[in-house]
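All letters in the sequence shown, in the order written, are residues 163 to 435 by our numbering. Don't be surprised by glycine CBs; every beta carbon is placed ideally from N, CA and C. If you're wondering where the values come from, they're calculated on a predicted model, not measured in any experiment. First up is the structure itself, then whatever we jot down about it.
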Amino acid sequence: MAEYNNFQTNKPHRIGYALSGGFIKGFAHLGVMQALLEHDIKPDIISGVSAGSLAGVFYADGYEPYQAVEKFNGYKFMDLTSWALTINGFFKLDDFKDFLNTNLKHKRLEDMEIPLVITATDLDHGKSVQFRKGNIAELVAASCCMPVMFAPVNIDGINYVDGGVLKNLPVSTIRKECEKVIAINVSPLIAGKYKMNIVNIALRSYHFMFRANTFPDRENSDLLIEPYGLKGYSNRELEKAEEIFKQGYAVGNEVLNKFIQEKGTIWKTKEIK
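Structure (structure tokens):
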């Protein structure tokens, strides 16, 4: 066991992963997780929101990260969605849920090989909800349900949307039960160039608000990895999944190797609990 991985704890879990939202950029999660796995840094529990819940569910189901990416080979965005034809959203996620049911070995969250916590937003009551049991396909769809783009996912009479609306980096969800939490944030707050028109101003403001809620959780992690080089990808470019995975893998290795070489450890020297 590597020196940085050689520690004891009295908490239920040694290492947890907290995986942010980020839509198509979520495939970078799998790349970073592949790098972590190759450094013998494995999670005892995973906390995922939106795209992070999708990446996490395949890992928790027993797949290596690169195998999860292979599941999406040959698919395009419209293969996993369909027009909603309602006033609730442009697309619905029934095909996405069918994809998950077909490709996952487990159907219930409580049966996963690694414990997984999925965060979604209760649209009816305005609160963040963490699920530890229930139908996997429904819960992942709810967590990934970006408002307006997708019609809300109804579970037991309650409408749910993207978990990132209120908590886009779910470190706090597992903080107290883990000795170390690794946060992977594929949606860092970047103020790039934009067009000065009403649509772009609205979208830019929305993304800033969406990502700003990650600040406390970023600080509360023991290792933060934020893959760069992902800004140019459209949310509908599912065919670029492998390319995005490789970028996450490269950044993951870069960060880990730098910390190990310079500090001899990957962890913050002063932990914030």
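N- and C-terminal bounds of the beta strand (DSSP E) containing residue i
| i | result |
| --- | --- |
| residue 210 | 207–211 |
| residue 178 | 175–181 |
| residue 321 | 320–324 |
| residue 305 | No beta strand (DSSP E) holds residue 305; the alpha helix (DSSP H) holding it covers 298–305. |
| residue 234 | Looking at the DSSP string, residue 234 is not in any beta strand (DSSP E), and its letter there is neither H nor E. |
| residue 189 | No beta strand (DSSP E) contains residue 189, which is instead part of the alpha helix (DSSP H) from 189–200. |
| residue 342 | 340–346 |
| residue 293 | 289–293 |
| residue 315 | 315–317 |
| residue 387 | 385–387 |
Backbone CA spacing between residue i and residue j [nearest angstrom]
| i | j | result |
| --- | --- | --- |
| residue 165 | residue 171 | 15 Å |
| residue 311 | residue 188 | 17 Å |
| residue 370 | residue 173 | 35 Å |
| residue 420 | residue 252 | 44 Å |
| residue 376 | residue 283 | 15 Å |
| residue 435 | residue 359 | Residue placement at residue 435 cannot be trusted, given a pLDDT of 42 that sits under 50; what the coordinates show is reported in the next sentence. Distance between the alpha carbons of residue 435 and residue 359 is about 42 Å. |
| residue 274 | residue 387 | 25 Å |
| residue 235 | residue 298 | 21 Å |
| residue 232 | residue 179 | 22 Å |
| residue 336 | residue 255 | 28 Å |
| residue 307 | residue 314 | 6 Å |
| residue 203 | residue 248 | 45 Å |
| residue 160 | residue 245 | Because the chain is modelled from 163 through 435, residue 160 falls outside the range shown and cannot be assessed. |
| residue 272 | residue 316 | 20 Å |
| residue 357 | residue 338 | 43 Å |
| residue 168 | residue 423 | 17 Å |
| residue 346 | residue 250 | 31 Å |
| residue 433 | residue 416 | Bear in mind that a pLDDT of 46 at residue 433, under 50, signals an unreliable position, so the model cannot answer this. |
| residue 128 | residue 418 | No information on residue 128 is available, as it lies outside the stretch 163 to 435 that the chain covers here. |
| residue 226 | residue 175 | 20 Å |
| residue 395 | residue 241 | 18 Å |
| residue 184 | residue 428 | 24 Å |
| residue 397 | residue 320 | 26 Å |
| residue 205 | residue 414 | 15 Å |
| residue 305 | residue 288 | 14 Å |
| residue 267 | residue 363 | 43 Å |
Closest residue to residue i among the options (Cα-Cα distance)
| i | options | result |
| --- | --- | --- |
| residue 276 | 289, 310, 219 and 191 | 219 |
| residue 290 | 311, 299 and 279 | 279 |
| residue 322 | 264, 309 and 334 | 309 |
| residue 200 | 412, 429 and 424 | 412 |
| residue 257 | 288, 184 and 243 | 243 |
| residue 265 | 305, 250, 216 and 288 | 216 |
| residue 389 | 378, 374, 398 and 405 | 405 |
| residue 281 | 206, 415 and 296 | 296 |
| residue 407 | 305, 183 and 230 | 230 |
Pair within 8 Å by beta-carbon distance, residue i and residue j
| i | j | result |
| --- | --- | --- |
| residue 325 | residue 372 | no |
| residue 191 | residue 410 | yes |
| residue 329 | residue 211 | yes |
| residue 259 | residue 303 | yes |
| residue 382 | residue 348 | no |
| residue 208 | residue 228 | no |
| residue 344 | residue 392 | no |
| residue 293 | residue 301 | yes |
| residue 261 | residue 400 | no |
| residue 331 | residue 366 | no |
Span of the alpha helix (DSSP H) around residue i
| i | result |
| --- | --- |
| residue 283 | Per DSSP, residue 283 belongs to no alpha helix (DSSP H); it is in the beta strand (DSSP E), 278–284. |
| residue 412 | 403–425 |
| residue 430 | Premise fails: residue 430 is in no alpha helix (DSSP H) and is neither H nor E. |
| residue 258 | 256–265 |
| residue 378 | 377–381 |
Min CB distance residue i to chain E below 8 Å
| i | result |
| --- | --- |
| residue 358 | Absent from the structure: chain E. Only one protein chain is present. |
Nearest-angstrom Cβ-Cβ length linking residue i and residue j, presumed shorter than 8 Å
| i | j | result |
| --- | --- | --- |
| residue 214 | residue 181 | 3 Å |
| residue 342 | residue 177 | 5 Å |
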